Each structure stands twice: as C-alpha cells, then as structure tokens.
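Below is one structure; the comments refer to it alone.
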Amino acid sequence: MSVFAGLVEHLADLLDPFFHASATAAAIVLFTACVRLLVHPLSRASARGQKARAKLSPQIAQLRKKHAKNPEKLQQAVLELHRKEKVSPLSGCLPSLFQLPAFFLLYHLFSNTSIGGDKNTLLDHTLFAAPLGGRWTDALADGGLFGAQGVVYLGLFALVATVATFNFRRTKRQMAAAPQPGAGAGDQQMPGMATMTKVMPLMSFMTLFTVAVVPLAAALYVVTSTTWSAVERAVLYRDMPNAAGALATAG
Numbered sequence: 003m004s005v006f007a008g009l010v011e012h013l014a015d016l017l018d019p020f021f022h023a024s025a026t027a028a029a030i031v032l033f034t035a036c037v038r039l040l041v042h043p044l045s046r047a048s049a050r051g052q053k054a055r056a057k058l059s060p061q062i063a064q065l066r067k068k069h070a071k072n073p074e075k076l077q078q079a080v081l082e083l084h085r086k087e088k089v090s091p092l093s094g095c096l097p098s099l100f101q102l103p104a105f106f107l108l109y110h111l112f113s114n115t116s117i118g119g120d121k122n123t124l125l126d127h128t129l130f131a132a133p134l135g136g137r138w139t140d141a142l143a144d145g146g147l148f149g150a151q152g153v154v155y156l157g158l159f160a161l162v163a164t165v166a167t168f169n170f171r172r173t174k175r176q177m178a179a180a181p182q183p184g185a186g187a188g189d190q191q192m193p194g195m196a197t198m199t200k201v202m203p204l205m206s207f208m209t210l211f212t213v214a215v216v217p218l219a220a221a222l223y224v225v226t227s228t229t230w231s232a233v234e235r236a237v238l239y240r241d242m243p244n245a246a247g248a249l250a251t252a253g
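Residue numbers for the sequence shown, in the numbering used here: 3 to 253.
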C-alpha cells in the first residue's frame with residue numbers, strides 16, 4: 003500500500019504544474035488510463051472471441067431446435083460446441099477481472115487514515131472542493147446537494163448517466179438488430195437468457211450507485227474506466243451488431 007501511495011504521489015507531483023490542487027485527482031485519472039492501456043490487449047482478444055461466438059449462432063440455433071425439450075442437454079451441447087471451436091464463453095469477463103485489483107487498491111488507499119503507521123496525507127487532497135477520501139454522504143452533510151462538494155458529485159453523476167445512456171441505447175439497438183435464435187415456435191432459449199437480455203442493458207446505470215458509495219478517488223477510477231469502456235467498445239464492436247449485446251456493460 004505504501005508503494006502504491008508513493009506512485010500516486012509521484013504522478014501528482016508530475017501533474018502539479020498543470021492541475022495544482024487537483025493534481026492527485028488527475029493522477030488517478032492518468033493511473034486509470036494506464037491500467038486500461040495494459041488491459042486493452044485483453045479487450046481486443048475479447049472482441050475476437052465475440053466474433054467467433056457470433057459465427058456459431060447458426061449451429062447454436064440448430065442445437066436449440068434439436069434439444070428444444072431438454073434445456074440441460076442443450077446447455078451441455080452448447081458448451082461442447084464452444085470447446086470444439088476453442089471459444090471461451092467467459093473471455094469477455096477477463097478485462098473486468100484484471101481491473102479489480104487496481105480499483106480495490108484505490109478504494110483501500112483512500113479509505114484508511116494511516117499508511118504504514120503514518121498519517122495518510124492523500125486524504126487531504128481534493129478534486130476542486132471535494133476531498134478524495136470523502137463520499138457523497140459527506141458532501142451532502144457539508145453544503146448539501148448544491149454545495150461546493152455536492153456540485154462535484156453532480157458533475158460525476160451527469161457524466162456517468164451520459165455514458166450509461168449511451169451504453170443502454172447502443173446495447174438495445176444491437177440486441178434489436180441481432181438474430182434471436184429460439185424466438186420461433188417450438189424453440190427453447192437457454193435457461194436465464196431472457197432475463198439476462200432484459201437486465202444487461204440496465205447494468206451500466208449501476209455505476210451511479212458505485213460512485214455514490216465509494217471514496218471519491220475510487221469513484222474517479224470507476225468513471226474514467228467506464229467512459230474508456232464505452233469508447234473502446236464502440237470501436238471494437240462497431241462491425242458486429244450482435245456481438246456486444248451481452249457484454250456492453252462489462253469492463
């Protein structure tokens with residue numbers, strides 16, 4: 003933790019001539035961008051995996067017809083097809099999983115009052131008027147919704163809502179354009195698929211809750227990473243309308 007705190011402080015020192023009092027907040031944004039650059043090869047691999055899975059749609063449709071009355075056998079057959087074609091159904095989760103350590107480092111760094119027995123001075127750093135170690139509830143208690151700190155959170159909420167709406171509309175559009183095997187008479191969807199199709203487009207809005215409850219520094223990581231993901235997916239999945247539907251909120 004001390005090493006990570008030193009890294010954040012070093013980045014903040016480098017950015018201080020440009021961002022002054024908000025240099026530590028800028029350092030967190032830069033750190034997040036570096037993490038996303040490191041994870042980008044996994045995101046590209048995930049996109050390739052999605053394209054491979056999209057090519058299997060006709061075969062999966064045949065399996066649904068063949069095993070329409072046996073959901074368990076259908077699921078086994080689909081998994082066997084993925085193994086045969088060397089396609090991992092979980093590859094899209096890897097970019098998100100590899101980002102979790104960085105998020106939790108920031109969360110703990112800005113949640114602890116001491117580091118290695120010394121006072122955690124990073125908690126005193128701010129994004130404009132809002133302390134990086136504070137939460138939305140602290141901002142509401144100090145000036146209310148439209149106070150100096152509250153306005154910072156309102157700006158973050160507005161950005162998150164914009165990105166989430168972009169993801170929501172894009173996912174709905176892709177799902178509408180995608181062929182839906184199993185929709186015809188006598189076909190059987192995989193268990194839970196209908197619920198997932200309805201819920202996944204809404205998952206982007208869960209980021210609003212995350213930003214509201216974690217320390218501001220961790221919220222900055224989430225906002226930056228979510229915005230990066232939206233742009234990255236728009237580029238990587240632009241030529242496959244049925245590929246990003248199930249993964250548009252991941253990462």
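C-beta atoms are modelled at their ideal positions from N, C-alpha and C, and glycine is treated no differently.
None of these values were measured; they are calculated from a predicted model.
For residue j and residue i, the rounded distance between their alpha carbons
i: L13; j: F168; result: 31 Å
i: L238; j: A166; result: 18 Å
i: L156; j: A70; result: 49 Å
i: L218; j: Q64; result: 49 Å
i: G51; j: L81; result: 14 Å
i: K75; j: V89; result: 19 Å
i: A47; j: T34; result: 20 Å
i: S98; j: V41; result: 9 Å
i: M208; j: T228; result: 11 Å
i: E234; j: K53; result: 16 Å
i: T173; j: P19; result: 41 Å
i: S116; j: T123; result: 8 Å
i: L83; j: R171; result: 31 Å
i: S59; j: Q101; result: 30 Å
i: F21; j: P43; result: 30 Å
i: N114; j: D120; result: 11 Å
i: K68; j: S45; result: 34 Å
i: R266; j: R85; result: Outside the displayed range of the chain (3 to 253) lies residue 266, so it cannot be described from this structure.
i: A236; j: S206; result: 15 Å
i: A150; j: L158; result: 13 Å
i: L108; j: P73; result: 43 Å
Whole-angstrom C-beta distance between residue j and residue i, which should lie under 8 Å
i: V37; j: A141; result: Incorrect: roughly 26 Å between the Cβ atoms, too far for contact.
i: G152; j: G145; result: 6 Å
i: A163; j: L96; result: Not really, about 27 Å apart at Cβ, beyond 8 Å.
i: N3; j: H110; result: A small fix is needed here, since residue 3 is Met in this sequence, not Asn. 7 Å between Cβ atoms; contact.
i: V161; j: V225; result: One detail in the question is off: residue 161 reads as Leu in this sequence, not Val. L161 to V225, Cβ: 6 Å. Contact.
i: A27; j: L222; result: 6 Å
i: A29; j: V5; result: Between V5 and A29 the Cβ distance is about 15 Å, and since that is not below 8 Å, they are no contact.
i: A214; j: W138; result: 5 Å
Cβ neighbour criterion (16 or more within 10 Å) applied to residue i
i: A49; result: buried
i: F112; result: buried
i: A232; result: buried
i: F130; result: exposed
i: A220; result: buried
i: L16; result: exposed
i: Q78; result: exposed
i: A23; result: exposed
i: L147; result: exposed
Residue span of the alpha helix (DSSP H) that contains residue i, given as start and end
i: D18; result: 4 to 21
i: A236; result: 218 to 238
i: S59; result: 59 to 68
i: V213; result: 208 to 215
i: V89; result: Here V89 belongs to no alpha helix (DSSP H), and DSSP marks it neither H nor E.
Beta carbon proximity, residue i to chain B, threshold 7 Å
i: A214; result: Within the model displayed, chain B is absent; a lone protein chain is all it includes.
Hey, which unbroken runs of the beta strand (DSSP E) at 3 residues or more fall wholly within the segment 25 to 56?
-> Listed in chain order, there is nothing to give.
Please go through the segment 99 to 146 and give each complete alpha helix (DSSP H) segment of 4 or more residues, from N-terminal end onward.
-> Counting whole runs of 4 or more residues, the segment 99 to 146 contains the alpha helix (DSSP H) stretches 138 to 143.
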